[in-house]
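Trainee: Pasting a structure here, questions to come.
Number of protein chains: 2
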Amino acid sequence: MKKIINNPETFVDEIIDALLLAHPKWIKAANADKRALVRADAPKQGRVGIVTGGGSGHMPGFLGYVGEGLCGGVAVGNVFSSPSSEQILEATKAVNGGAGVLYVYGNYGGDVLNFDLASDLADAEGIDIKTVVLTDDVASAPKERAADRRGVAGMVFAFKCAGAAAERGDSLDEVARICAKANANCRTMGVGLSPTILPAAGKPTFTLPDGEMEIGIGIHGEPGTHRGALQSADSIADTLMRQILDDLAAPKGARLALLVNGLGATPLEELYLLYRRAAKIIGDDGLTVAWSYVGEYVTSLEMAGASITVMLLDDELEALLDAPAHSPFFREGTRA
Amino acid sequence: MKKIINNPETFVDEIIDALLLAHPKWIKAANADKRALVRADAPKQGRVGIVTGGGSGHMPGFLGYVGEGLCGGVAVGNVFSSPSSEQILEATKAVNGGAGVLYVYGNYGGDVLNFDLASDLADAEGIDIKTVVLTDDVASAPKERAADRRGVAGMVFAFKCAGAAAERGDSLDEVARICAKANANCRTMGVGLSPTILPAAGKPTFTLPDGEMEIGIGIHGEPGTHRGALQSADSIADTLMRQILDDLAAPKGARLALLVNGLGATPLEELYLLYRRAAKIIGDDGLTVAWSYVGEYVTSLEMAGASITVMLLDDELEALLDAPAHSPFFREGTRA
């Protein structure tokens, strides 16, 4: 195990300590155990609050997307584990500015359970809640069962679009509609080259022989759709993009946002090789890359690998991508 | 080898293709082989141009720091190899706005040779050149021979401060003085947990048994000062910070910028654990963390590990850190 850690038991709490120490102008703790974090300026009166959450180990995933024009709060679980409903409720109360709260999170059993419980608890306290469950991972279920898919890096676009809508003062219904549209317009496929080691377990979550890759892998090491010898960057991009674009079925001439995301250990250089081919495929298909995002947006600790996300744009979504957003982690895309 | 690449021979050129494709509003090629890249708005008339350069494999190192309030141009070498003097000269000519050009790069033999050659060539073309060679790596030579030290992640502060000075219209002498001060005020120490594999070689640059670490390692895998069993995050931070702070000898009450930099494969979570302890040590020493930077700033392909950089601040340097800067890669620090 090649990890720079102290005690696996306190891994997450130490990271939160460090974040609060490094970025006090950005986030504050909403509860005593510090597992509910919110924008330093929360609550924003009259604005919809957006609460996300999930397991730790995906940085900048989840807590990195709390910020201006992004989410208002986050509930922070242990590594790859859902936060509790109480932690979600604490985040909810702390971001509630009287205009309702939107829950946005990935489609995983524990998260669904706990966010649903928190929603009931918040209702009982008189806070309007709406929920959008993110389902952008093409590999995790066939198109006929798209609602069963897992949520992965497409969350970046859901947070960005919903966050911009909330920041400008849209209603809860509107923010939820926009967030659901962003999710519905996103498709992601990943490839893993090495497993993740959980700090507490100290051993890999799965095995993948050197020189092999797993196409369609999830951000917790969930099995993909194909395992085989490692292919070239172009070949990997071809495989991922073909499934993404077939599933998305964007009309000719459509404008797309393209996100090439590193899962943790893969160098930025290699992400740009995937970007290069993915952008070519999009052009060859008569589509346009209107926005480019390349870097680590949603990771899986030290997993080597990457994912590609495509979001089909319209004028409404493009305006929301263009709106200001800021956190110490969010890396703006580049408009073509 | 777990690399997402195509042909090792075209690795760097494909990355540059991708960058030009993804970020055309940011950079443009200054020469036919595209190994000299400059700001899209270069040359800035009446402003000092700043040219950096070095080997590839350090992204966002070098080419990621071309941008507003940063460098004006970069010469891009092969992986871990110096760019040629011709490539440096092409970048020089393309950023020359008539106010002279500052060369800023790390202290490595090939880079020194080629930048010096380029300086002579630029002189012959009537372009005033000044040079600051970066030497922030404490581990690479003792304090008595500080000028022999290698340049590592401290380059981020040198680029930021010099870039801000150039952007506001300072003279070549002033920009060079500020850059030299930023470098003189920086100290960096790294730790490596796994080697880097060069795409062309296909095998590790050095071996490091699982469960071991190398303190003081360079960003090309240069040997460090100590190899031994992997220690805890706190213990590693203690070791790195003690050498940094002893060497820096900052006066009590001094304000510091603290950069915890990932070398490639180490998760952001682990960098924050190092940050947490480093910030505590600084506080315990009666010093203040005034600016915080955590993330991947200068990498070594897929090396697992991190470095810590401290810059001693004064009012002049703080104002320059505070000035606007933008590239698709530069991640602003957080002011305490």
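Top to bottom, those sequences are chains A and B. Taking the UniProt record's numbering, the leading residue of the first sequence gets 1, the next gets one more, and so forth. Taking the UniProt record's numbering, the leading residue of the second sequence gets 1, the next gets one more, and so forth. Even glycine gets a Cβ: it sits at the ideal position worked out from N, Cα and C.
#1: Have a look at glutamine 243 of chain B and methionine 189 of chain B and give me their C-alpha separation to the nearest angstrom.
#2: Please go through the same chain and pick out, in chain order, the residues whose beta-carbon is closer than 7 Å to the beta-carbon of glycine 97 of chain B, but skip the five residues on each side of it.
#3: CA-CA distance, alanine 180 of chain A and leucine 313 of chain A?
#4: Tell me alanine 229 of chain A's beta-bridge partners as DSSP assigns them.
#5: Could you give the residue range of the alpha helix (DSSP H) that holds glycine 109 of chain B?
#6: Quick check on this structure: which residue in A:Gly61, A:Gly73 and A:Gly72 has the alpha carbon closest to the alpha carbon of valine 79 of chain A?
#7: Going straight from the alpha carbon of tyrosine 275 of chain B to that of valine 294 of chain B, what length do you get?
#8: Sort A:Phe157, A:Gly262, A:Gly53 and A:Gly72 by Cα distance to serine 84 of chain A and report the nearest one.
#9: Evaluate arginine 145 of chain A with the Cβ neighbour count: other Cβ atoms within 10 Å of its Cβ, from every protein chain shown; 16 or more gives buried, anything less gives exposed.
#10: For isoleucine 281 of chain A, report the span of its alpha helix (DSSP H) as first-last.
#11: Against chain B, does isoleucine 308 of chain A count as a neighbour if the rule is that its beta carbon must be under 7 Å from one of theirs?
#12: Could you check if alanine 32 of chain B belongs to the surroundings of the ligand MN, using beta carbon to heavy atom distance under 6 Å?
#13: What are the residues that DSSP puts in a beta bridge with cysteine 161 of chain B?
#14: Note down, in chain order, each residue of its chain lying with its Cβ closer than 6 Å to the Cβ of leucine 240 of chain B, except the 5 sequence neighbours on either side.
#15: At 8 Å on the CB atoms, spell out the chain A contacts of tyrosine 275 of chain B, in chain order.
#16: Going along the stretch 29 to 62 of chain A in order, which residues come within less than 8 Å of chain B, judged by CB to CB distance?
#17: Are at least three pairs of beta-carbons, each pair with one atom in the stretch 323 to 332 of chain A and one in the stretch 163 to 182 of chain A, less than 8 Å apart?
#18: Would you give the residue range spanned by the alpha helix (DSSP H) that isoleucine 15 of chain A belongs to?
#19: Cα separation between glutamate 90 of chain A and proline 24 of chain B?
#20: Check whether the Cβ atoms of leucine 21 of chain A and serine 327 of chain A lie closer than 7 Å to each other.
#21: Whose Cβ in chain B lies nearer than 7 Å to the Cβ of valine 133 of chain A?
#22: Write down the C-beta distance between leucine 273 of chain A and isoleucine 5 of chain B rounded to the nearest angstrom, noting that I regard them as a contact closer than 8 Å.
#23: Going by other Cβ atoms of all chains shown within 10 Å of its Cβ, with 16 needed for buried, is glutamate 296 of chain B buried or exposed?
#24: Is the beta carbon of proline 267 of chain B sitting closer than 7 Å to the one on glycine 151 of chain A?
#25: Taking the alpha carbon of glycine 106 of chain A as the point to measure from, which residue in A:Ile219, A:Pro142 and A:His226 has its own alpha carbon closest?
#26: Name the chain B residues that come within less than 7 Å of valine 95 of chain A, Cβ to Cβ?
#27: Just to confirm the assignment, what range does the beta strand (DSSP E) spanning cysteine 179 of chain A have?
#28: Lysine 130 of chain B CB to nearest chain A CB: under 7 Å?
#29: Within 10 Å of its beta-carbon, does proline 199 of chain B have 16 or more other beta-carbons around it, so buried, or fewer, so exposed?
#30: In chain order, what residues of the same chain lie with their CB nearer than 7 Å to the CB of proline 148 of chain B, ignoring the 5 residues before and after it?
#31: Quick one: which residues of the stretch 283 to 296 of chain A get their C-beta closer than 7 Å to a C-beta of chain B? List them in chain order.
#32: Roughly how many angstroms separate the alpha carbons of alanine 162 of chain B and leucine 134 of chain B, rounded to a whole number?
#33: Which stretch, first to last residue, makes up the alpha helix (DSSP H) that contains serine 85 of chain A?
#34: Report the neighbours of threonine 188 of chain B on chain A: residues whose CB is nearer than 9 Å to its CB, in chain order.
#35: Could you check whether threonine 205 of chain A and glycine 228 of chain A sit closer than 7 Å to each other, using their CB atoms as the reference points?
#36: For threonine 131 of chain B, which residues in the same chain have their Cβ closer than 7 Å to its Cβ, ignoring the five residues on either side in sequence?
Mentor: On the basis of the data shown:
#1: 8 Å
#2: Pro43, Lys44, Gln45, Gly46, Arg47 and Gly49
#3: 13 Å
#4: A:Glu212
#5: 109 to 124
#6: A:Gly61
#7: 7 Å
#8: A:Gly53
#9: exposed
#10: 268 to 284
#11: no
#12: As far as ligands go, the structure on display features none, and thus does not contain the ligand MN.
#13: For cysteine 161 of chain B, which the question treats as bridged, DSSP gives no partner whatsoever.
#14: Met189 and Ile308
#15: Ala18, Leu21 and Ala22
#16: Ser56, Gly57, Met59 and Pro60
#17: yes
#18: 11 to 22
#19: 44 Å
#20: no
#21: Neighbours of valine 133 of chain A on chain B: none; closest Cβ ~25 Å, over 7 Å.
#22: 6 Å
#23: buried
#24: no
#25: A:Ile219
#26: Per Cβ cutoff of 7 Å: no residues; valine 95 of chain A is ~21 Å from chain B at best.
#27: Counting along the chain, cysteine 179 of chain A falls outside any beta strand (DSSP E), though it belongs to the alpha helix (DSSP H) covering 172 to 184.
#28: no
#29: buried
#30: Reading off the sequence, residue 148 of chain B comes out as aspartate, not proline. Once the five neighbours on either side are set aside, the close Cβ partners of aspartate 148 of chain B are Ala141.
#31: Ser292 and Val294
#32: 12 Å
#33: 85 to 95
#34: Near threonine 188 of chain B there are no residues of chain A at all, since even the closest Cβ is about 16 Å away, more than 9 Å.
#35: no
#36: Tyr103, Phe115 and Ser119
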